[in-house]
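**Q** Here's a structure for you.
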Amino acid sequence: MGLFSSNKKPLPALPILALHLTNSQDKVFKPNDTIQGHVTLSTPTPILPQAIEVSLWGHSSVWLRTSSGTGNDTTYRHYRDNVPLFDVIFNLFTQPQQLQPGQSYSFPFQFRVPEGTSSHRIGGYKDDMDARWTVQPHHLPPTFAWGSRPDWPDNASVSYGVTARLICPGIGVGKHHQEPLSATSPILFQPLNPNLNAPYSVIRHPKPFTLASSSLAGRDPSSIGFRQKLADKFSSETPKLDFELGVELPDLLTSGSEFKFRSTFNVLSKAQNVVQIPAITFKVLKLDLLDFTFVRAAHDRAANHLMQGHHFDRTPLDAPTGPYSGWEHTIYREKKTALNSLPELQVVQLEEVLLPGEKKGTEQANSAEVWFSARVPGFTPPSFQCFAISRVYRIKAKIGVQIGEKKFEHEVESHVGSLGSVG
-3 MGLFSSNKKP LPALPILALH LTNSQDKVFK PNDTIQGHVT LSTPTPILPQ AIEVSLWGHS
57 SVWLRTSSGT GNDTTYRHYR DNVPLFDVIF NLFTQPQQLQ PGQSYSFPFQ FRVPEGTSSH
117 RIGGYKDDMD ARWTVQPHHL PPTFAWGSRP DWPDNASVSY GVTARLICPG IGVGKHHQEP
177 LSATSPILFQ PLNPNLNAPY SVIRHPKPFT LASSSLAGRD PSSIGFRQKL ADKFSSETPK
237 LDFELGVELP DLLTSGSEFK FRSTFNVLSK AQNVVQIPAI TFKVLKLDLL DFTFVRAAHD
297 RAANHLMQGH HFDRTPLDAP TGPYSGWEHT IYREKKTALN SLPELQVVQL EEVLLPGEKK
357 GTEQANSAEV WFSARVPGFT PPSFQCFAIS RVYRIKAKIG VQIGEKKFEH EVESHVGSLG
417 SVG
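So for the sequence shown, our numbering puts the first residue at -3; every next one is plus one.
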């Protein structure tokens, strides 16, 4: 026997298990869609399987890591959250029989994609009432991936797929050959948009301003020099106008679709020596779509304090997470997408309206409005709320208004109730 010889017996050749989906890999599934395919199996030796399982599953996973220490002495703390959203399993081998070499066996299957998860995570986190996430059953979130690598912190994912498994005595894979031979095909999922045909609704953001200027007395704004501006600032006789600038932003958006928003001008009060309000210029100075991703996970007490955080008891790192462990780590990431407004600016002259009551004549109206439009990029993923991962959006807008020679700015950040997919 040679110096480097081994007494280990060579492992027998494994059967070939393959999973085939009827749909293309880039197909995006929706709730209640049908997934069809078949499992093929060929074996080099006769086998008698106990089962050939196929499962449609959804899974949420988070792995966060913190570190402390100085120099070469670093201690790591790992936070994990692994939650099965659903797992539907069928046994395709309903009539047990010995399978022979030289043949290819095919087993068709069909699934219906569920709408939501029936699982709950009450007692699994520091605060069950934290509104950023939910612990109750909910609609399935879209396929989601965050982080540089799925096998390295910090990462979070929501994944879906179909897995076939061969359950057969004497046939296994893995370190101790105890795991069943399997094949997996990931699928893409996106929920339906429940607000696709919802009525238009907005969130209003008003802000009061005061304008004191000789331009309100009918003077041409271009003729008002520095000395007059200085006098206007300190004189009690300067015509004064109190007005409200409003910004109204929608709280329901759709990826790839246009949305409209409005800016309003309303007179609150004006001095008696106000003769005329000059033309009002509305300009969109900034319009951003803000994307916030929130992630949480409880301390993984079974993990060691090294970089990889392996479990002392050798349980899988993706084993389902149990009750709250006493510590929790949360992070959030913000991403900004600049949007283009059409038009960029609008000029409005207040209309002349009839005097109220029996008075004859006209006066300037006390209000005006302008509409702008923008488009949500088609690549924008929908918002969602899950057990440990959520995504929400806000619109940040800055509207500039010029009346005469004076400029005013109103910046708002408005919460988006829901950003859904096109279909």
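Note that beta-carbon positions come from the ideal geometry of N, C-alpha and C, so glycine has one too.
Along the chain, which unbroken stretches of the alpha helix (DSSP H) at least 4 residues long are found entirely within the segment 165 to 199?
**A** Segments of the alpha helix (DSSP H) lying fully in the segment 165 to 199: there are none.
**Q** Quick one: what's aspartate 421 bridged to in DSSP?
**A** Shown here, the chain extends from -3 to 419; a query on residue 421 therefore has no answer.
**Q** Please classify phenylalanine 308: is it buried, with 16 or more other beta-carbons within 10 angstroms of its beta-carbon, or exposed?
**A** In the sequence shown, the residue the question calls residue 308 occupies position 312. Per the 10 Å Cβ criterion, exposed.
**Q** May I ask you to report which of helix, strand or coil DSSP gives leucine 212?
**A** The count along the sequence shown starts at 1 and reaches residue 212 at position 216. Three-state DSSP puts leucine 212 in a helix.
**Q** Let's test the definition: count the other Cβ atoms within 10 Å of the Cβ of aspartate 287 and tell me whether it reaches 16, buried, or not, exposed.
**A** The count along the sequence shown starts at 1 and reaches residue 287 at position 291. Buried is the call here.
**Q** Identify the continuous beta strand (DSSP E) that holds alanine 370 and give its terminal residues.
**A** Here the question's residue 370 lines up with position 374 in the sequence shown. Residues 363 to 371.
**Q** Any idea what DSSP makes of tryptophan 148, helix, strand or coil?
**A** Numbered from 1 along the sequence shown, position 152 holds the residue referred to as residue 148. Correct three-state label for tryptophan 148: coil.
**Q** Which stretch, first to last residue, makes up the beta strand (DSSP E) that contains tryptophan 142?
**A** Numbered from its first residue, the sequence shown carries residue 142 at position 146. Where tryptophan 142 is concerned, the enclosing beta strand (DSSP E) stretches over 140 to 142.
**Q** Between alanine 141 and the rest of its own chain, which residues show a CB-CB distance below 7 angstroms, the 5 nearest in sequence each way excluded?
**A** Within the sequence shown, the letter at position 145 stands for residue 141. Hits under 7 angstroms: Ser153.
**Q** Report the option in Thr62, Glu405 and Gly419 whose CA atom is closest to the CA atom of valine 243.
**A** Within the sequence shown, residue 243 is the residue found at index 247, counting from 1. The shortest Cα separation from valine 243 among Thr62, Glu405 and Gly419 belongs to Glu405.
**Q** Suppose you measure from the CA of lysine 256 to the CA of serine 337; what does that come to, to the nearest Å?
**A** In the sequence shown, counting from the first residue as 1, residue 256 sits at position 260. In the sequence shown, counting from the first residue as 1, residue 337 sits at position 341. Distance between the alpha carbons of lysine 256 and serine 337 is about 9 angstroms.
**Q** Measuring CB to CB, does serine 379 end up less than 8 angstroms from arginine 387?
**A** Here residue 379 refers to the residue found at position 383 when the sequence shown is read from its first residue. Here residue 387 refers to the residue found at position 391 when the sequence shown is read from its first residue. Yes.
**Q** Looking at the secondary structure, which residues open and close the beta strand (DSSP E) in which alanine 334 lies?
**A** Locating residue 334 in the sequence shown gives position 338, where the first residue counts as 1. That run of the beta strand (DSSP E) goes 324 to 334.
**Q** Among residues of its own chain, excluding the 5 on either side of asparagine 362, which ones have a beta-carbon nearer than 6 angstroms to its beta-carbon?
**A** On the sequence shown, residue 362 is found 366 positions in, with the first residue counted as 1. So the qualifying residues of the chain are Val263.
**Q** Can you name, in chain order, every residue of its own chain whose Cβ lies under 7 angstroms from the Cβ of lysine 402, other than the five neighbours on each side?
**A** By one-based count along the sequence shown, residue 402 stands at place 406. Result list for lysine 402: Leu207 and Ser209, in chain order.
**Q** Decide if the segment 29 to 44 is in contact with the segment 83 to 99; the criterion is three or more beta carbon pairs, one per stretch, under 8 angstroms apart.
**A** Counting Cβ pairs under 8 angstroms, three or more are found: they touch.
**Q** Just to confirm my understanding: we take valine 169, look at its own chain, exclude 5 residues before and 5 after, and list those with CB closer than 7 angstroms. What are they?
**A** As a working note, residue 169 is residue 173 in the sequence shown. Result list for valine 169: Glu175 and Leu177, in chain order.
**Q** Taking the alpha carbon of glycine 416 as the point to measure from, which residue in His325, His135 and Gly54 has its own alpha carbon closest?
**A** The residue labelled residue 416 in the question sits at position 420 within the sequence shown. Of the candidates His325, His135 and Gly54, the one whose C-alpha sits nearest the C-alpha of glycine 416 is His135.
**Q** Pull up the distance between the alpha-carbon of alanine 370 and that of tyrosine 196, whole angstroms please.
**A** Here residue 370 refers to the residue found at position 374 of the sequence shown. Here residue 196 refers to the residue found at position 200 of the sequence shown. Approximately 15 angstroms, taken between the alpha carbons.
**Q** Compare the Cα-Cα distances from glycine 157 to each of Leu15, Tyr101 and Tyr75 and report the closest residue.
**A** Position 161 of the sequence shown, counted from the start, is the residue given in the question as residue 157. Of Leu15, Tyr101 and Tyr75, the residue nearest in Cα terms is Leu15.
**Q** In whole angstroms, give me the CA-to-CA distance for asparagine 269 and glutamate 233.
**A** Residue mapping note: residue 269 aligns to position 273 of the sequence shown, counting from 1. Residue mapping note: residue 233 aligns to position 237 of the sequence shown, counting from 1. Distance between the alpha carbons of asparagine 269 and glutamate 233 is about 8 angstroms.
**Q** If I'm right that valine 79 touches proline 377 with Cβ under 8 angstroms, what's the distance once you round it to whole angstroms?
**A** In the sequence shown, residue 79 corresponds to position 83, counting from 1. In the sequence shown, residue 377 corresponds to position 381, counting from 1. Contact doesn't hold; Cβ gap of about 20 angstroms is too wide.
**Q** I need the DSSP call for glycine 157, collapsed to helix, strand or coil.
**A** Along the sequence shown, one-based indexing puts residue 157 at 161. Of the three classes helix, strand and coil, the one that applies to glycine 157 here is strand, per DSSP.
**Q** Three-state secondary structure (DSSP) at tyrosine 101?
**A** Position 105 of the sequence shown, counting from 1, holds the residue named residue 101. Three-state DSSP puts tyrosine 101 in a strand.
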